[in-house]
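Participant: Residue numbers (our numbering): 76 to 166.
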């Protein structure tokens, strides 16, 4: 948990502001902060290269059957399990 508060402090947020956001909001803000404060890197993949690489990864790693994951809610004090979400790959 301390890393989340440390990241919030790096963005100029108070502990209360960190507590009041969902994890999705927090990580979206964090990724935006990192992107805005990181120097541009030469040699990045083009969009076409990314698409081709992703297609190759999906072809090699396509699971069979349903895939599921546990979902959580950030309560301000910790994560609370909410349930499982299942889906069929490619649907």
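Note that the Cβ used here is the ideal one computed from N, Cα and C, for glycine as well.
Check the DSSP bridge columns for residue 147 and list the partner residues they point to.
Facilitator: Residue numbering aside, residue 147 sits at position 72 when the chain shown is read from its first letter. Residue 147 is bridged to 156.
Participant: Between residue 142 and the rest of its own chain, which residues show a CB-CB distance below 8 Å, the 5 nearest in sequence each way excluded?
Facilitator: As a first step, residue 142 is located in the chain shown; it is residue number 67 there, counting from the start. Here the set comprises 161, 162, 163 and 164.
Participant: Select from 157, 152 and 131 the residue whose C-alpha is nearest the C-alpha of residue 77.
Facilitator: Counting from 1 along the chain shown, the entry for residue 77 is found at position 2. Nearest option by C-alpha distance: 152.
Participant: Does the beta-carbon of residue 83 have 16 or more other beta-carbons within 10 angstroms, so that it is buried, or is it exposed?
Facilitator: On the chain shown, residue 83 is found 8 positions in, with the first residue counted as 1. Under this definition residue 83 is a buried residue.
Participant: Under the assumption that residue 149 contacts residue 97 (Cβ atoms under 8 Å), give the Cβ distance between them as a whole number of angstroms.
Facilitator: Looking up residue 149 in the chain shown gives position 74. Looking up residue 97 in the chain shown gives position 22. Right, their Cβ atoms sit about 6 Å apart.
Participant: Can you name the start and end residues of the alpha helix (DSSP H) that residue 119 belongs to?
Facilitator: In the chain shown, counting from the first residue as 1, residue 119 sits at position 44. Element bounds for residue 119: n/a, residue is neither H nor E.
Participant: So, residue 144 versus residue 158, is the Cβ gap smaller than 8 Å?
Facilitator: Start at 1 with the first residue of the chain shown, and residue 144 comes out as number 69. Start at 1 with the first residue of the chain shown, and residue 158 comes out as number 83. Contact: no.
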